[in-house]
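Chain order of the listed sequences is A and B. For the first sequence, position 195 (counting from the first letter as 1) is numbered 200 according to this note's numbering, and the numbering increases by one without interruption. For the second sequence, position 249 (counting from the first letter as 1) is numbered 1589 according to this note's numbering, and the numbering increases by one without interruption. We put the CB at the ideal spot given by N, CA and C, even for glycine.
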Amino acid sequence: MLENLRIAFAGLAANKLRSALTMLGILIGVAGVVLLLAVGSGAQVFIEEQFEDLGGANVIQVFPGNFSDTGQESTTGREPALTEADVAALSDPSRAPAVDLVAPTQFAQSTAVAGGNSHTPQQFIGATAPYAEITDLAVARGTMFTDDDVSGRRRVAVIGTTVEDALFPGESAVGQDIRFGRATFEVIGVLTRKGSGLAGDLDDQVIAPITAVEDTVTGPQTSYSTIFAASRSAAETPAAVQQMTDVLIEEHRLPSPDELDFTVFDSAEALAQVGQVSGVLTALLGAIASISLLIGGIGVMNIMLVTVTERTREIGIRKALGARRSDLRNQFLFEAVVVTAVGGLLGIALGVLGSLINVGGFSPVVQPWSVALAFGVSVVIGLFFGVYPANRAAKMRPIEALRYE
Amino acid sequence: MTTAPLPDPDVGLPHAEPPVVLARDLVMTYGEGDATVHALRGVSLSVDRGDYVAIMGSSGSGKSTLLNIIGCLDAPTSGTYELDGVDVGDLSDNDLTDLRNDKLGFVFQGFNLLRRTSAVRQVELPLAYAGVPRRERRPRALAMLEAVGLGERIDHLPTQLSGGQQQRVAVARALVTEPALLLADEPTGNLDSRSTDDLLGLFAQLNSDGRTIIVITHEDAVAAEAKRVLVLTDGEIVEDRRQAPVDGPPPRLGAVA
């Protein structure tokens, strides 16, 4: 056995270029599998982190209108809307016991000016006080606005660091004034830096009391842009979604639960959906890489068949000298497996090395199981595609093998 | 019965020592119908231990077929063959392989050395296949290379050796397992006259040391070295000539002495 392994190594060394090229096929295949699976799971991790940034698994959002049927007008004949009555109903613990916090929001679009600087934040959100808690926002300096600020319609704002840097380069924004059109807001807090994610720069936002925003920027609206809510716990999120849906059906007097004029969306579900999509993507990438691995395997078989034919005379000599069938089979099988195993190891090294490169803002994550899998598969490929040529060598009749020129 | 000078493990046992080669009525046909070729038409042959036999014949005489059967590389269409007392007729492929490894040493016309394999490794190979532990292989291979007069060039590759030297490596490889029979197929066919003479000298020495040798050749000069000459024509033995007694020295050494 050991002797056959040694002979196999000698056989490979005798044809270095050929062995190297055969190895390359497996190497690329394995590197591809490792790298693409790493990219896939890296994307998954990245997306999951993004959702955590957005507030975690107990955030629920309600949008006016039905996202699932496109272009179809509401059966109630009204423009879909989320109103103050809806917020009150959703906040009623007897009707939606799984819901903890509710915050209506109004999205505005306006350019902020301070001194000689101006900046249009990506997000300008008018909200009620619980919004910060629901979406896990915290102030680094100053304070968050309160229920009093909302009911008092005070023109105060909390801004992200990107906005602060743009409007007040080199100084603190807290206590300073910014203007949206003719309205002046006092900055009372600066948000803790969050970095950027799927939704863009999370620090490029301004939050202000929804009352003040409606008074000054958006004007009175028939509907909220989005109602944010938080369930009591991640486990109660599905129940909260169901309760909110029921409450809104009742409030909107909808004839059937199949025809909603609003959309309830929770990040756990969204995460599951995205996870599913990225899982499919990972599987697809893996499948593509597997095909190249398969082709590499066929390359191994091809070369092994050539090798066996080319070395017919050697096989004859070995048989005449006393090599049993199993000796020859093992010799050629070892050659194939050594090629694929070494190719596999180099491929793993290349794949791991390649995964250090940052792709499109996220880093691939090499899963240990994918490394083990890739190595296992490359050895199995060597066995699988080596068996046929090796058996062919083993079954050669010595007399014919010796006669072969 | 022969009185071979080799140490015999069977000495003292009641049965007689079998001939190295005992073939009865070997028939070999290839193909079918009109295309049938009769390579051997009933050859019977007995070779005793210590003999030195030359099998002669022109190409197509069946001598290669006979060699293949004696060498257990091919099975006859009919007839029986015993190698050193073992009937090879019913043996499996693996048993035949082990038998070749144990009882036969081959020397071919084309040397048939493995490329890119040093002389000493070539000689170690049959021992490896025989399952001899690694530590024992090297000294045995070196001793055998020494015996064939190649003590120095042991690490050379076949391409770095002359034809005569390559054939000596092949002889050492054939003999390292201490086989009952050395089978040589046109061993001088690719050698110049000086190397031929050297090799024949080696064969004579080996035979006088007790080795049983069968040489296939079409050269009279080679046949003249043997103790016994068989001439094969059209698949039949047409002449069986003894040139020296089985238990004496081969002609070359006999003449010197």
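query: Status (buried if at least 16 other CB within 10 Å, exposed otherwise) for A:A113; result: buried
query: Cα-Cα separation, A:T189 to A:Q55; result: 33 Å
query: Coil, strand or helix - A:N71 by DSSP; result: coil
query: Range covered by the beta strand (DSSP E) that runs through A:V104; result: V104 to A113
query: Alpha carbon of A:S79 to alpha carbon of A:I386, nearest angstrom; result: Residue placement at A:S79 cannot be trusted, given a pLDDT of 48 that sits under 50; the coordinates are not used to answer.
query: The region 258–290 of chain A: positions lying closer than 8 Å to chain B by Cβ; result: none
query: Beta carbon proximity, B:T1552 to chain A, threshold 7 Å; result: no
query: Three-state secondary structure (DSSP) of A:D209; result: coil
query: Closest by C-alpha distance to B:D1580, when choosing among B:D1442, B:V1393, B:T1552 and B:L1593; result: B:V1393
query: Which of helix, strand or coil DSSP assigns to A:S297; result: helix
query: Residues that A:E319 contacts on chain B, provided the C-beta gap is smaller than 8 Å; result: L1454 and R1455
query: Residues that A:R334 contacts on chain B, provided the C-beta gap is smaller than 9 Å; result: Near A:R334 there are no residues of chain B at all, since even the closest Cβ is about 12 Å away, more than 9 Å.
query: Sub-7 Å separation of A:V192 and A:V179 beta-carbons; result: yes
query: Boundaries (first-last residue) of the alpha helix (DSSP H) holding A:I362; result: It is not in any alpha helix (DSSP H) - A:I362 carries neither H nor E in the DSSP assignment.
query: Host alpha helix (DSSP H) of A:Q128 (start-end); result: Note, A:Q128: premise wrong, no alpha helix (DSSP H); beta strand (DSSP E) at Q128 to A132.
query: Between the CA atoms of B:V1488 and B:D1549 - distance to the nearest angstrom; result: 13 Å
query: A:P225, buried or exposed, once every other Cβ within 10 Å from all chains shown has been counted against 16; result: exposed
query: Simplified DSSP state of A:Q66, which is helix, strand or coil; result: strand
query: Near the ligand MG: A:G194 beta-carbon under 6 Å from a heavy atom; result: Among the ligands in the structure shown, none appear at all, so the ligand MG cannot be discussed.
query: Cβ shell of B:D1365 (< 8 Å), same chain only, five flanking positions each side left out; result: G1382, V1383, S1384, S1418, G1419 and T1420
query: Backbone CA spacing between A:G70 and A:A86 [nearest angstrom]; result: 7 Å
query: B:I1395 (DSSP reduced to helix, strand or coil); result: strand
query: Cα-Cα separation, A:V16 to B:K1403; result: It is worth fixing the name first, because residue 16 of chain A is Gly in this sequence and not Val. Going from the Cα of A:G16 to the Cα of B:K1403 covers about 34 Å.
query: Beta-carbon gap between A:Q336 and A:A13 smaller than 7 Å; result: yes
query: Beta-carbon neighbours of B:N1408, restricted to chain A and to distances below 7 Å; result: I404
query: Cutoff 6 Å; reference B:L1521; Cβ partners in own chain excluding five residues on either side; result: V1360, L1444 and T1552
query: Proximal residues, the region 1458–1478 of chain B versus chain A, C-beta separation under 7 Å; result: L1465, P1466, A1468, Y1469 and A1470
query: Cross-chain neighbours of A:I322 in chain B, by beta carbon under 7 Å; result: N1452 and L1454
query: Within-7 Å CB hit, B:L1413 to chain A; result: yes
query: Limits of the beta strand (DSSP E) - the one that B:E1579 falls within; result: E1576 to R1582
query: A:A90 classed as buried or exposed, judged by whether at least 16 other C-beta atoms fall within 10 angstroms; result: exposed
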